[in-house]
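S.K.: Structure below; questions to follow.
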Amino acid sequence: MTLIVGLTGGIGSGKSTVGQYFVDLGIDVIDTDVIARMLTEPGGLAINSIKNSFGQAMIAADGSLNREKMRNLIFSDNNYKLALENILHPLILTETLQQIRKALSPYIIIAIPLLFETNDYDKIIQRTLVIDCEEKQQILRTMERSKLSEDQVKAIIATQISRTHRLQKADDIIVNNLDIAYLKAQVAQLHRKYISLS
Ligand code: ADP
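Counting in my numbering, the sequence shown runs from -7 upward without gaps.
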């Protein structure tokens, strides 16, 4: 059986950046965020269910999910968040399993931002890789990348598992407090480890 590693970390910790380095090393990286976006694009598999549950107002003129409206709604009431997750999570899981079947690399990485907040992937992954980052850095990088305010980033972090708990659940950890060269070196080292495990 192919080794499957679940890659996770808080918002802005560096998951996408690390995922890209594994891709550069020839590894199949399945990104559940990319899948979620695909499902909510015009004609995406989740659009009809979202329309039925939340109304046409949540769908933008081009037929995609109105992300900003939905973000505001789910932050206003956790029940809406759960309702959206009930639509998206099974579809994301199905697509992830399809991509696993097509993958050819010696091991597979699945990037799952909320890996430890769900148990959907417990039977799929064999190891967890956590990207860890000082909260100050995490906030600054996310504000810069996503054009969000400090309070908005802090509100998102508050919905995620704490840094301490995430680290406790990690099999492998990448520390992303320093420069990109340091980050890349850690990815290269883990790549050798995963090849030897696979
Ligand atoms: P995530 O996918 O976990 O939300 P990203 O990989 O998108 O995080 O990283 C967040 C932002 O921080 C991006 O703009 C990325 O280019 C930048 N970044 C990540 N790691 C570093 C680093 N070591 N040094 C400088 N910028 C970084």
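Don't be surprised by glycine CBs; every beta carbon is placed ideally from N, CA and C.
Going by DSSP in three states, Y113 sits in which element: helix, strand or coil?
M.R.: In this structure, Y113 counts as coil in the three-state DSSP scheme.
S.K.: Counting along the chain, where does the beta strand (DSSP E) carrying A103 start and finish?
M.R.: That run of the beta strand (DSSP E) goes Y99 to A103.
S.K.: Within 7 Å: the Cβ of E127 and any heavy atom of the ligand ADP?
M.R.: No - the ligand ADP has no heavy atom lying nearer than 7 Å to the Cβ of E127.
S.K.: For L106, which of helix, strand or coil comes out of DSSP?
M.R.: DSSP places L106 in coil when its eight states are reduced to three.
S.K.: So the candidates are N40, G36 and S68; which of them puts its Cα closest to the Cα of T151?
M.R.: Ranking N40, G36 and S68 by Cα distance to T151 puts S68 first.
S.K.: Using the Cβ count rule (16 or more neighbours within 10 Å means buried), how would you classify L96?
M.R.: Burial call: exposed.
S.K.: Is there contact here, the region 109 to 126 with the region -6 to 10, by at least three beta-carbon pairs under 8 Å?
M.R.: With a cut-off of 8 Å, the region -6 to 10 and the region 109 to 126 count as touching, because enough Cβ pairs lie within range.
S.K.: Tell me L(-1)'s beta-bridge partners as DSSP assigns them.
M.R.: Bridge partners of L(-1): A103 and L121.
S.K.: Nearest-angstrom Cα distance between A180 and K115?
M.R.: Rounded to whole angstroms, A180 to K115 spans 26 Å at the Cα level.
S.K.: Contact defined as beta carbons within less than 8 Å: I believe R155 pairs with G4. What is the distance between those atoms, to the nearest angstrom?
M.R.: No, R155 and G4 are not in contact; Cβ-Cβ is about 12 Å, not under 8 Å.
S.K.: The ligand ADP: which residues have Cβ under 6 Å from any of its heavy atoms, chain order?
M.R.: Those satisfying the condition are, in chain order, G1, I3, G4, S5, G6, K7, S8, T9, R133, R137, N168, D171, I172 and L175.
S.K.: Since I166 sits in a beta bridge, which residues does DSSP pair it with?
M.R.: According to DSSP, which records beta bridges pairwise, I166 is partnered with I123.
S.K.: Could you check if L74 is buried or exposed, using at least 16 other CB atoms within 10 Å of its CB as the buried criterion?
M.R.: Exposed is the call here.
S.K.: DSSP state of I51, grouped into three classes?
M.R.: If DSSP states are grouped into helix, strand and coil, I51 belongs with the strands.
S.K.: When the distance is taken between beta carbons, is I123 closer than 8 Å to K7?
M.R.: Going by C-beta atoms, K7 is nearer than 8 Å to I123.
S.K.: Just reading off the alpha helix (DSSP H) that I22 is part of, what are its end residues?
M.R.: Not the alpha helix (DSSP H): I22 falls in the beta strand (DSSP E), residues D20 to D23.
S.K.: Could you please give me the residues that DSSP links to L57 through a beta bridge?
M.R.: Answer is I51, bridged to L57.
S.K.: Under a Cβ-count criterion, where at least 16 other Cβ atoms within 10 Å of its own Cβ denotes burial, should M(-7) be classed as buried or exposed?
M.R.: Exposed, by the Cβ-count rule.
S.K.: When you compare the region 6 to 23 with the region 86 to 101, are there three or more beta-carbon pairs, one atom per stretch, that lie closer than 8 Å?
M.R.: Counting Cβ pairs under 8 Å, three or more are found: they touch.
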